[in-house]
Amino acid sequence: MLGCTQAMAANEHSELLQAVQTGHLGRTEALLDKGADPDQPLADGSSLLSWAVDAQNSRMAALLLAHGADVDPQQTGAEGFTPLSVACQRGNSAIVLQLLNLRADANRATASGVTPLALCAANSTPEVVTRLIADGADVNAADINGQTPLMWAAAHGRTDNALLLIQQGAGINRVTASGFSPLFFALQSRNPGTPEALLHKGADITQVTADGTSVVQMAMYQKQFRFAAHLIDQGVDLNAYDRNGHQLLHIAVLENQPDLVRQLLAQGADPDALTGESQVVWRYEVNFTSAPYITHPESPLLLAAAQGSAEMMELLAAAGADTGFRTAEGNNVLLAAAQSNPGALRVALDLQPDANIRNHRGQTALHRLLDLGTDSGTSHEDIVAMFRLLREHGADPQLADNNGQSPATLVASNDFRAKTEFVDIFRP
6 MLGCTQAMAA
16 NEHSELLQAV
26 QTGHLGRTEA
36 LLDKGADPDQ
46 PLADGSSLLS
56 WAVDAQNSRM
66 AALLLAHGAD
76 VDPQQTGAEG
86 FTPLSVACQR
96 GNSAIVLQLL
106 NLRADANRAT
116 ASGVTPLALC
126 AANSTPEVVT
136 RLIADGADVN
146 AADINGQTPL
156 MWAAAHGRTD
166 NALLLIQQGA
176 GINRVTASGF
186 SPLFFALQSR
196 NPGTPEALLH
206 KGADITQVTA
216 DGTSVVQMAM
226 YQKQFRFAAH
236 LIDQGVDLNA
246 YDRNGHQLLH
256 IAVLENQPDL
266 VRQLLAQGAD
276 PDALTGESQV
286 VWRYEVNFTS
296 APYITHPESP
306 LLLAAAQGSA
316 EMMELLAAAG
326 ADTGFRTAEG
336 NNVLLAAAQS
346 NPGALRVALD
356 LQPDANIRNH
366 RGQTALHRLL
376 DLGTDSGTSH
386 EDIVAMFRLL
396 REHGADPQLA
406 DNNGQSPATL
416 VASNDFRAKT
426 EFVDIFRP
């Protein structure tokens, strides 16, 4: 008889689970009226109520609660998400308030220490955040990584909730174990209004993360260029290197931001500052070893040439950049521009008119141009225009590199995409 009773209960629970998961209100109610347990845990340890909340089925959640479902079940699954935590993660204010009205614990955190307030600050409304605080939620409660509700709001670009939390005493300059303050999280949100609001409320722009990243560097990484420009105007360290070995001027060039380049030069950035050593460690899958990313010093002018920005090249040259600088491989501004576009190549030829200058591999600008693969962003038309520019400046297609290959022999032996035009333009 006991075995029969257990089998019936198991079947009843299976039917209830199916009814809840399919959103069948009538079937769910009938099973609950027959005595099915609304708190019977699921296989993963979570509850039926959490399932209904996760599905954003407020009517199903109300039905389960009306039949005695525990608003704060002891079993929550490995991650420790209560129905309230799930509701806050989904952000539906009506469901969150429904649970709070039934006295759901506003401070019960997940297994990793994330509170309902943190999740609601990221995903719900100021009304809900206000209610959680009124119900005793700690505005400065940190999870195992040190992330507070304000940081969660900032990371999701919820300026409204961030300002509310600050008003309620949230620490605007608290940091995580890795040194991230709310301002760093706000910059990652890509919502330009959030970091600006935090700055207005007293966020510290001098804070630096554990790996040495500054606020202005983070702004550049996240392409928050207007905010970065504001910080530069306030005064930042123009000579500081980031983990990639770049100063702000290098980043501005690599991000193709001529206005920032102009601003940095006006503030005194060194137009000849070379890139430094990278702190980035690469993982090589071939032999599963790790090693530093090897970089060679480059000047802002060469970076601009490689980027193909004639405007930035002219800005840097006008600011006194060394137009004769050569890298450890022997590349100069012309050899860098040879793999970009006609505009940059034209400026490079104005700065360094010797079209036959070679790098340490014996390559000329023509060799470098012919090195462009079919996946290069340089169009067929641009390549042809660059051939013409180099021809006008006396480029010699017969000059051999260290391997004995001349541009002429390379074109003859390979199916180059502008082969016909090359032969035409460089016909003796």
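One point on numbering: in the working numbering, the residue at position 109 of the sequence shown is 114, and numbering is uninterrupted. Ideal placement from N, C-alpha and C gives every residue a C-beta, glycine not left out.
- A straight-line Cα-Cα distance of about 53 Å links A24 and A233.
- With respect to V285, R231 sits apart: the two C-beta atoms are not nearer than 9 Å.
- Put simply, of Q173, D238, H385 the residue whose alpha carbon is nearest the alpha carbon of R136 is Q173.
- If only complete runs of 4 or more residues are kept, the stretch 307-338 shows the alpha helix (DSSP H) at 315-323, in order along the chain.
- About 13 Å separates the beta carbons of V101 and S55, which is beyond the 8 Å limit, so they are not a contact pair.
- In this structure, T328 lies away from H301, with their beta-carbon atoms at least 9 Å apart.
- Around S186, the same chain offers N178, V180, Q212 as residues with beta carbons nearer than 6 Å, after the five sequence neighbours per side are excluded.
- Annotated as proximal: L243 and L254, with beta-carbon spacing under 9 Å.
- Remark: C-beta atoms of A324 and L270 approach each other more closely than 9 Å.
- Per the coordinates, the alpha-carbon of G184 lies some 11 Å from the alpha-carbon of V220.
- Closest in C-alpha terms to L107, from the list L124, G73, I138, T115, comes G73.
- Beta-bridge pairing by DSSP links S219 to V213.
- A direct Cα-Cα distance of roughly 53 Å separates I210 from H29.
- Here L371 really is in contact with A400; their C-beta atoms are around 5 Å apart, less than 8 Å.
- The alpha-carbon of H385 is positioned some 31 Å away from that of A326.
- Annotation: V338 to R195 spans about 34 Å, alpha carbon to alpha carbon.
- Residue environment: E303 is assigned as buried (16 or more neighbouring CB atoms within 10 Å of its CB, all protein chains considered).
- For the 9 Å CB-CB criterion, W157 and A114 do not form a contact.
- Counting only the Cα atoms, V76 lies some 19 Å from V134.
- Between R351 and A310, the gap from beta carbon to beta carbon reaches 9 Å or more.
- By alpha-carbon distance to L279, the top candidate from S117, G198, H251, Q272 is H251.
- Between the alpha carbons of H398 and D359 lies a distance of about 7 Å.
- Apart from sequence neighbours up to five positions away, the residues of its chain that approach L395 with a beta-carbon distance below 7 Å are A360, A370, L371, ordered along the chain.
- The closest CA to that of E426, considering only Q410, M391, A191, is found on M391.
- Straight-line spacing of the CA atoms in G348 and E319 works out to 11 Å.
- If you look at V134, you'll find it in the alpha helix (DSSP H) that goes 131-139.
- L53 and G240 have their C-alpha atoms some 55 Å from each other.
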